[in-house]
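Q: The structure is given below, and queries will be raised subsequently.
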């Protein structure tokens with residue numbers, strides 16, 4: 477396990493909320509996870525964890541203080557924010573035995589927002605890019 481991953485665990489364990497995103501090939505129980513991106517609330521650091529190289533060691537390695545990435549993801553004390561967690565959760569559980577808890581799916585908040593604005597037909601989910609364009613417009617002075 478690299479020294480960087482140990483610093484990541486030390487860093488993440490200091491926060492009450494983290495944001496997580498996974499990238500992979502056919503991200504699901506049938507596919508594989510390539511990279512995990514994690515940042516913590518109020519932190520300027522984004523951790524990139526190479527799951528392709530580390531495989532199960534990325535989740536199961538325990539540092540000197542008993543912390544592991546699996547432990548962080550399963551912790552009830554740390555809130556995890558995802559955007560459309562379905563495939564990420566499926567892959568983590570079925571490929572690495574990670575049962576995430578205290579997870580918030582920001583995509584569900586987007587659906588609630590559309591409903592509150594009077595859009596009754598929320599049959600289809602919006603992707604992150606469209607949601608950012610819809611709710612987080614750049615000021616005209618930026619570009």
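In my numbering, the protein residues as written are 477 to 619.
Ideal Cβ placement from N, Cα and C applies to all residues, glycine included.
(1) With distance defined between alpha-carbon atoms, name the residue in 581, 526 and 558 nearest to residue 508.
(2) Specify whether the stretch 491 to 511 and the stretch 558 to 573 touch according to this definition: at least 3 beta carbon pairs, one from each stretch, less than 8 Å apart.
(3) Does the contact criterion of 3 or more C-beta pairs under 8 Å hold for the stretch 485 to 500 versus the stretch 554 to 564?
(4) How far does the beta strand (DSSP E) with residue 515 in it reach, from first residue to last?
(5) Do residue 549 and residue 576 come within 7 Å of each other at the CB atom, strictly closer than that value?
(6) What separation, rounded to the nearest whole angstrom, lies between the Cα atoms of residue 617 and residue 606?
(7) Expressed to the nearest angstrom, what Euclidean distance is found between the alpha-carbon atoms of residue 546 and residue 535?
(8) Kindly provide the ranges of any beta strand (DSSP E) runs that are 3 or more residues long and lie completely inside the stretch 548 to 608, ordered along the chain.
(9) Starting from residue 534 and walking both ways along the alpha helix (DSSP H), at which residues does that stretch end?
(10) In chain order, what residues of the same chain have a beta carbon less than 6 Å from the beta carbon of residue 469, not counting five sequence neighbours either side?
(11) From the DSSP output, read off the bridge partner residues of residue 494.
(12) Helix, strand or coil for residue 488, going by three-state DSSP, please let me know.
A: Judging by the given coordinates:
(1) Walking along the chain shown from the start, residue 508 turns up at place 32. For the residues 581, 526 and 558, the minimum Cα distance to residue 508 belongs to 526.
(2) yes
(3) yes
(4) Within the chain shown, the letter at position 39 stands for residue 515. That run of the beta strand (DSSP E) goes 508 to 516.
(5) One-based indexing of the chain shown puts residue 576 at position 100. One-based indexing of the chain shown puts residue 549 at position 73. A contact, by the Cβ cut-off of 7 Å.
(6) Taking the chain shown and counting its residues from 1, one reaches residue 617 at position 141. Taking the chain shown and counting its residues from 1, one reaches residue 606 at position 130. Here the alpha carbons of residue 606 and residue 617 stand approximately 21 Å from one another.
(7) Taking the chain shown and counting its residues from 1, one reaches residue 546 at position 70. Taking the chain shown and counting its residues from 1, one reaches residue 535 at position 59. When rounded, the distance between both Cα atoms is 5 Å.
(8) 555 to 558 and 579 to 581
(9) Here residue 534 is taken as the residue at index 58 of the chain shown, counted from 1. Note, residue 534: alpha helix (DSSP H), 533 to 536.
(10) This structure gives no information on residue 469, because the portion of the chain shown stretches from 477 to 619.
(11) In the chain shown, residue 494 corresponds to position 18, counting from 1. According to DSSP, which records beta bridges pairwise, residue 494 is partnered with 516 and 556.
(12) Sequence index remark: in the chain shown, residue 488 carries index 12 (1-based). If DSSP states are grouped into helix, strand and coil, residue 488 belongs with the helices.
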